[in-house]
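Residue numbers (our numbering), protein chains in the order written: chain E, 84 to 757; chain L, 208 to 367.
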């Protein structure tokens with residue numbers, strides 16, 4: 084979908100009617116809104132977000148005050164937002180108009196119209212259409228408050244994976260597989276009924292029982308995951324608030340730093356614990372046998388001296404003598420003779436190729452055991468010492484964390500104490516949700532495993548029974564179809580992840596000064612930033628933020644087939660504009676230009692709401708050639724200017740004023756910059 | 208290049224199913240197949256060789272029994288652990304001598320290795336029960352060195 088225009092009427096800081104148009108052409112696809120803090124950039128983002136979904140972004144405040152205050156004073160009780168958008172040409176290119184209105188208390192209207200040659204026809208199932216074009220779960224991928232990019236998790240949570248699958252269109256394939264699974268269950272039930280075999284029927288009933296609970300368990304897991312994300316986002320917001328208070332700022336900053344160090348050390352400890360276990364595992368048999376092998380070495384040597392080791396003649400020599408019936412000394416050895424028996428007995432002590440090989444391998448193993456005996460103490464000591472040092476450091480940091488929390492709680496300011504209480508309560512809430520989610524995931528895994536086992540048992544049991552040929556054929560057909568869809572989907576998923584990884588690494592390679600790379604876990608979709616030595620880099624770093632922007636841009640580009648390499652999707656992915664509020668404020672200035680260039684190049688349509696502080700030469704030159712529409716959001720204040728500064732912005736050599744004072748009432752207006 | 212087996216043909220090594228939990232724990236999994244702790248081994252072969260070594264050192268042998276699991280000698284070969292199947296019986300009973308390495312004795316060698324492995328698994332299970340809560344690698348590391356036995360144990364004096 085592409086945004087065409089937006090009407091606002093008495094919505095939040097925008098008094099009266101306002102009309103905006105978006106750049107929606109392939110070559111001119113970027114729309115910029117310049118506005119200072121408090122001018123209404125977040126209100127604008129939320130106007131679009133609310134119009135499409137009926138909800139707001141997580142950090143949007145005072146959601147119950149939608150009607151512009153001045154309009155309210157004048158007796159107007161309703162506001163509305165109207166958005167016109169167009170489907171992508173490949174999807175039909177139809178034009179739609181969505182209108183949502185509300186008072187401060189409730190929503191008063193919602194309609195979706197199809198626009199044909201200027202005439203609007205209301206669509207009876209408008210909400211479903213919107214859901215199809217932009218699934219609710221994906222809104223946060225396309226319309227978002229970029230200051231909150233830190234909260235975007237690329238950690239591979241279940242909801243993250245599901246959202247990504249939906250964006251890339253895999254949810255339809257998943258739904259097809261679920262339907263096929265239902266068909267297969269039905270066929271299995273028919274087979275069981277036809278054979279009337281007690282075991283088969285019992286297995287089938289067990290499978291059906293699991294099938295009945297699985298959807299609810301998946302839904303519960305996804306819902307808990309969403310709840311966890313919401314709590315994490317709220318927590319982040321409270322902590323940002325806390326960090327803004329002058330008295331709390333240094334303590335909160337230090338607390339974040341300490342928590343970051345704890346996470347890093349925990350990860351290092353986990354890696355080292357894994358390494359220690361591997362060292363112990365590899366060396367344990369050797370170390371257990373070490374003393375005994377020393378004795379065996381002695382015995383082997385002794386036996387060798389005594390000549391009881393395999394004799395210096397081979398079994399082949401004995402065989403040759405017996406077959407030629409002639410001893411090496413020239414005497415005949417006739418079959419059945421005493422000589423022949425004696426020579427035959429020599430076979431017991433003759434050396435054989437196999438025996439020699441075994442002795443040589445056992446000796447080699449003994450040498451290896453001795454080597455491990457020498458190396459193990461040093462190897463394990465190095466790792467265990469580092470673990471002990473980390474434990475000491477972790478103890479110290481946890482104590483410091485407690486002290487910092489105590490200090491924060493001790494600040495005699497109601498606001499800070501309230502925020503601190505809120506933070507604590509949110510953290511407890513998050514822990515509770517994590518615990519619940521862990522339980523659900525365990526049940527899910529156990530049920531999935533049991534279902535797999537039951538299916539195998541079903542097949543083994545069914546094979547032994549005389550099943551009607553037609554039913555057997557039907558069941559085989561469904562199984563083959565499921566297998567085919569699953570394989571095709573897995574192949575496409577692998578291709579998509581490879582392409583995504585390639586695109587990400589291309590961006591990182593091009594824009595980061597450091598040699599970092601990104602790795603995507605094929606199972607969980609978790610994205611990890613790695614340094615040159617392959618060590619994990621925290622996602623809260625400047626480079627981590629670049630990774631998040633690059634990831635979103637790459638996903639959007641891949642869905643829109645804008646990447647260099649294209650994928651023939653099994654089902655169409657979601658194509659939508661990227662609307663970002665304050666996109667670069669969370670980024671290091673050195674990366675702002677490159678991220679802007681990448682976003683502009685990768686998206687089908689880009690809307691940026693940006694302050695003058697984040698609008699530098701680098702950003703301007705990066706997006707200049709793509710910009711089709713540009714607006715100022717001018718903030719007009721009712722009170723006198725006093726000591727407050729006037730913010731100005733130079734565009735194409737002309738100076739523009741972004742805030743004004745001494746106006747009859749407070750409002751924000753849009754001014755198009757030509 | 209695939210290494211050549213020391214066995215004349217592929218054979219099966221059995222171990223008692225009752226110790227599946229011990230083997231799983233050494234592989235970093237619980238009974239349900241979930242990841243628990245850091246794995247000492249990636250495959251069952253590692254755990255069985257460890258158990259057999261422990262059984263040989265502690266002279267603990269037992270029969271595998273009828274409820275058993277199997278691993279092919281080819282798997283031991285691919286994990287480069289095959290020579291342990293010969294070494295463990297040799298060490299467990301030095302009187303066997305190198306004669307036990309002859310091709311005609313390989314079935315007996317395997318059975319002897321299995322008995323030590325079963326005995327070792329029994330020991331490991333006991334240790335894990337006694338040290339519940341400790342990481343598997345810590346438990347195994349404590350078993351790597353033979354316990355130091357006090358040289359001069361004196362009888363308790365008659366206190367009555």
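Glycine included, C-beta positions come from ideal geometry on N, C-alpha and C.
Quick caveat, the model's predicted, so the values are computed rather than measured.
Contacts of residue i in chain E (Cβ-Cβ under 7 Å)
i	result
residue 260 (chain L)	368, 371 and 372
residue 253 (chain L)	364
Closer than 8 Å to chain L by CB, residue i
i	result
residue 140 (chain E)	no
residue 477 (chain E)	no
residue 361 (chain E)	yes
residue 376 (chain E)	yes
residue 784 (chain E)	What is shown of chain E runs 84 to 757, which leaves residue 784 (chain E) out entirely.
residue 350 (chain E)	no
residue 696 (chain E)	no
residue 357 (chain E)	yes
residue 527 (chain E)	no
residue 405 (chain E)	no
residue 390 (chain E)	Confidence at residue 390 (chain E) is low in this model, with a pLDDT of 46, below 50, so its placement is unreliable and no value can be given for it.
residue 437 (chain E)	yes
residue 484 (chain E)	no
residue 93 (chain E)	no
Test item: CB-CB of residue i and residue j under 8 Å
i	j	result
residue 226 (chain E)	residue 543 (chain E)	no
residue 179 (chain E)	residue 205 (chain E)	no
residue 237 (chain E)	residue 471 (chain E)	no
residue 657 (chain E)	residue 221 (chain E)	yes
residue 183 (chain E)	residue 168 (chain E)	no
residue 289 (chain E)	residue 524 (chain E)	no
residue 327 (chain L)	residue 262 (chain L)	yes
residue 506 (chain E)	residue 325 (chain E)	yes
residue 642 (chain E)	residue 685 (chain E)	no
residue 330 (chain L)	residue 265 (chain L)	yes
residue 675 (chain E)	residue 701 (chain E)	yes
residue 321 (chain E)	residue 484 (chain E)	no
residue 224 (chain L)	residue 238 (chain L)	no
Min CB distance residue i to chain E below 8 Å
i	result
residue 351 (chain L)	yes
residue 285 (chain L)	no
residue 248 (chain L)	yes
residue 366 (chain L)	With a pLDDT of 48 at residue 366 (chain L), under the threshold of 50, the predicted position of this residue should be treated as unreliable, and no value is reported.
residue 256 (chain L)	yes
residue 293 (chain L)	yes
residue 245 (chain L)	yes
residue 241 (chain L)	yes
Residues that residue i contacts on chain E, provided the C-beta gap is smaller than 8 Å
i	result
residue 232 (chain L)	The premise fails here: residue 232 (chain L) is roughly 11 Å from chain E at the closest Cβ pair, so nothing lies under 8 Å.
residue 297 (chain L)	379 and 445
residue 216 (chain L)	Correct list: empty, because the minimum Cβ distance to chain E is about 12 Å.
Proximal residues of chain L, C-beta to C-beta of residue i below 9 Å
i	result
residue 440 (chain E)	211 and 213
residue 448 (chain E)	290, 291, 293 and 294
Neighbour list for residue i in chain L, Cβ cutoff strictly below 7 Å
i	result
residue 297 (chain E)	What residue 297 (chain E) touches in chain L: nothing, since even the nearest Cβ is about 16 Å away.
Any C-beta of chain E within less than 9 Å: which residues of the segment 329-353 of chain L qualify? For the segment 329-353 of chain L, which is checked against every Cβ of chain E, the residues closer than 9 Å are 342, 343, 344, 345, 347, 348, 350, 351, 352 and 353.
Which runs of the alpha helix (DSSP H) at least 4 residues long sit entirely within the segment 539-605 of chain E? Give them in chain order. With a minimum length of 4 residues, the continuous alpha helix (DSSP H) runs that stay inside the segment 539-605 of chain E are 552-594.
Taking Cβ-Cβ distances below 7 Å as the criterion, which residues of the segment 510-524 of chain E are in contact with chain L? Hits within the stretch: zero.
For the segment 305-323 of chain L, which residues have a beta carbon sitting closer than 8 Å to at least one beta carbon of chain E? Listed in sequence order: 305, 308, 309 and 310.
What are the residues of the segment 262-283 of chain L that lie near chain E, defined by any Cβ-Cβ distance shorter than 8 Å? Listed by position, the residues of the segment 262-283 of chain L near chain E (Cβ gap below 8 Å) are 263 and 264.
What residue ranges within the segment 158-246 of chain E form continuous alpha helix (DSSP H) runs of no fewer than 4 residues, ordered along the chain? The qualifying runs are 209-216 and 222-225.
Between the segment 115-134 of chain E and chain L, which residues of the former have CB atoms less than 9 Å from a CB of the latter, in chain order? Residues are counted here when their Cβ sits less than 9 Å from a Cβ of chain L; for the segment 115-134 of chain E the count is zero.
Determine which residues of the segment 530-542 of chain E have a Cβ less than 7 Å from any Cβ of chain L, and write them out in chain order. Interface annotation for the segment 530-542 of chain E against chain L: 532, criterion Cβ-Cβ distance under 7 Å.
Could you name each continuous beta strand (DSSP E) segment of 3 residues or more that falls completely within the segment 629-683 of chain E, going from the start of the chain to the end? Taking only runs of at least 3 residues, the beta strand (DSSP E) segments lying wholly in the segment 629-683 of chain E are 661-664.
Any alpha helix (DSSP H) of 4 or more consecutive residues that is wholly inside the segment 302-390 of chain E: For the alpha helix (DSSP H) assignment, the uninterrupted runs of no fewer than 4 residues enclosed by the segment 302-390 of chain E are, from N- to C-terminal side, 332-389.
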